[in-house]
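Asker: Take the position in the sequence shown, starting the count at 1, then add 447; the result is the number in the working numbering.
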Amino acid sequence: MKPHLELAHHLWRQQVLPGDLAIDATLGNGHDALFLSELGCEVIGLDIQADALEKTKARIGEKKIKLFHRSHAEIRSLILPKKPQLIVYNLGYLPGGNKEITTMKESTLSSVQDSLKLLGPKGALSITCYPGHDEGLQEEQALIEWASHLDQKSWSVCHYRWLNRNRAPSLLWIVGLLPLDKNYRK
């Protein structure tokens with residue numbers, strides 16, 4: 448079985464084509480944004496922490512990734528050049544940063560709900576949850592509850608987690624089933 452991030456990267460490779468728009472809604476250290484860029488995606492990244500933006504800039508070098516110093520909760524205010532095919536969230540706190548600054552259940556729920564409205568036909572959300580701390584556990588539980596009620600005719604939802612590892616990270620994968628154009632991405 449693959450670790451959750453390896454599985455996420457596998458799913459992302461299947462989801463996007465070169466030239467697609469992908470949004471990294473929680474940049475962190477920039478690993479995900481760089482990976483998406485290397486897949487040929489046009490990438491937009493958000494983070495609430497200036498430190499995360501600086502670490503991402505250092506990691507991506509000359510890659511053309513548009514970075515915004517704002518919360519993932521503000522995702523709906525972005526002016527996008529086209530519909531994203533993939534929006535990724537890597538929740539929790541900035542690795543190596545202040546653990547008091549973490550994603551929060553309410554703002555994350557609002558953001559992922561807005562993200563579904565932004566996605567292109569058959570677009571996907573990839574949400575990595577870290578329930579190892581109390582807010583992360585509440586966030587994961589709220590996301591699973593919300594996602595379990597998405598219309599099954601419109602969305603396919605999968606939650607991947609290790610059952611025998613206490614509070615292990617997990618991956619929530621949500622992909623649209625109905626294309627707006629029946630010839631889109633056959």
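Glycine included, every Cβ here is placed at the ideal spot set by N, Cα and C.
Being a predicted model, the structure only gives us computed values, none of them experimental.
Tell me the residue span of the alpha helix (DSSP H) that contains His405.
Answerer: For residue 405 there is no data in the structure shown, the boundaries of the chain being 448 and 633.
Asker: Give the secondary structure of His451 by DSSP, where H, G and I count as helix, E and B as strand, and everything else as coil.
Answerer: For the purposes of this step, residue 451 is identified with residue 4 of the sequence shown, where counting begins at 1. His451 falls in the helix class under three-state DSSP.
Asker: To the nearest angstrom, how far is it from the Cα of Gln585 to the Cα of Leu538?
Answerer: Counting from 1 along the sequence shown, the entry for residue 585 is found at position 138. Counting from 1 along the sequence shown, the entry for residue 538 is found at position 91. Rounded to the nearest angstrom, the two C-alpha atoms are 12 Å apart.
Asker: Run through the region 549-615 for me and flag every whole alpha helix (DSSP H) of 4 or more residues, listed as ranges in chain order.
Answerer: Fully enclosed alpha helix (DSSP H) runs of 4 or longer: 552-565, 581-594.
Asker: Could you pull the DSSP bridge partners for Asn476 from this structure?
Answerer: Residue 476 sits at position 29 when you count from the first residue of the sequence shown. Answer by DSSP bridge pairing: none, since Asn476 is not bridged.
Asker: Report the three-state DSSP secondary structure of Asp467 (helix, strand or coil).
Answerer: Position 20 of the sequence shown, counting from 1, holds the residue named residue 467. Residue state, collapsed to three classes: coil.
Asker: On the premise that Leu500 lies in contact with His519, defined as a C-beta separation below 8 Å, what is that separation, rounded to the nearest angstrom?
Answerer: Here residue 519 refers to the residue found at position 72 of the sequence shown. Here residue 500 refers to the residue found at position 53 of the sequence shown. At roughly 13 Å, the Cβ-Cβ gap does not stay under 8 Å, so His519 and Leu500 are not in contact.
Asker: How about Ile621 and Ala571: do their beta carbons lie closer than 9 Å?
Answerer: Reading the sequence shown from its first residue, position 174 is the one you call residue 621. Reading the sequence shown from its first residue, position 124 is the one you call residue 571. The answer is yes: Cβ separation under 9 Å.
Asker: Determine the closest residue to Leu486 out of Gln496, Asp467, Leu493, with distance taken between C-alpha atoms.
Answerer: Position 39 of the sequence shown, counting from 1, holds the residue named residue 486. Of the listed residues, the one whose Cα sits closest to Leu486 is Asp467.
Asker: Count the other C-beta atoms from every protein chain shown that fall within 10 angstroms of the C-beta of Ala455, then say buried if there are 16 or more, exposed otherwise.
Answerer: Here the question's residue 455 lines up with position 8 in the sequence shown. The residue in question, Ala455, is buried, as its Cβ has 16 or more Cβ neighbours within 10 Å.
Asker: Does the beta-carbon of Ala505 have 16 or more other beta-carbons within 10 angstroms, so that it is buried, or is it exposed?
Answerer: The residue labelled residue 505 in the question sits at position 58 within the sequence shown. The residue is exposed, with fewer than 16 neighbouring Cβ atoms inside 10 Å.
Asker: Opposite His516 in the DSSP bridges: which residues?
Answerer: For the purposes of this step, residue 516 is taken as residue 69 along the sequence shown, with counting starting at 1. Note: His516 sits in a beta bridge opposite Asp494.
Asker: Just mark Trp459 as buried or exposed, buried being the case when its beta carbon has 16 or more other beta carbons within 10 Å.
Answerer: For the purposes of this step, residue 459 is taken as the residue at position 12 of the sequence shown. Trp459 is buried by the Cβ-count criterion.
Asker: Could you check where the beta strand (DSSP E) with Ile534 kicks off and where it finishes?
Answerer: Sequence index remark: in the sequence shown, residue 534 carries index 87 (1-based). Residues 531-537.
Asker: At the level of alpha carbons, what is the spacing between His580 and Glu547?
Answerer: Locating residue 580 in the sequence shown gives position 133, where the first residue counts as 1. Locating residue 547 in the sequence shown gives position 100, where the first residue counts as 1. Each residue's Cα considered, the two are about 11 Å apart.
Asker: Under three-state DSSP, which class holds Leu481?
Answerer: Against the sequence shown, residue 481 aligns to sequence position 34. Correct three-state label for Leu481: helix.
Asker: For Tyr536, I'd like the list of residues in its chain whose CB is within less than 6 Å of its CB, leaving aside the five on either flank, ordered along the chain.
Answerer: The residue given as residue 536 occupies position 89 in the sequence shown. Excluding sequence neighbours, Tyr536 sits near Ala472, Thr473, Ile574.
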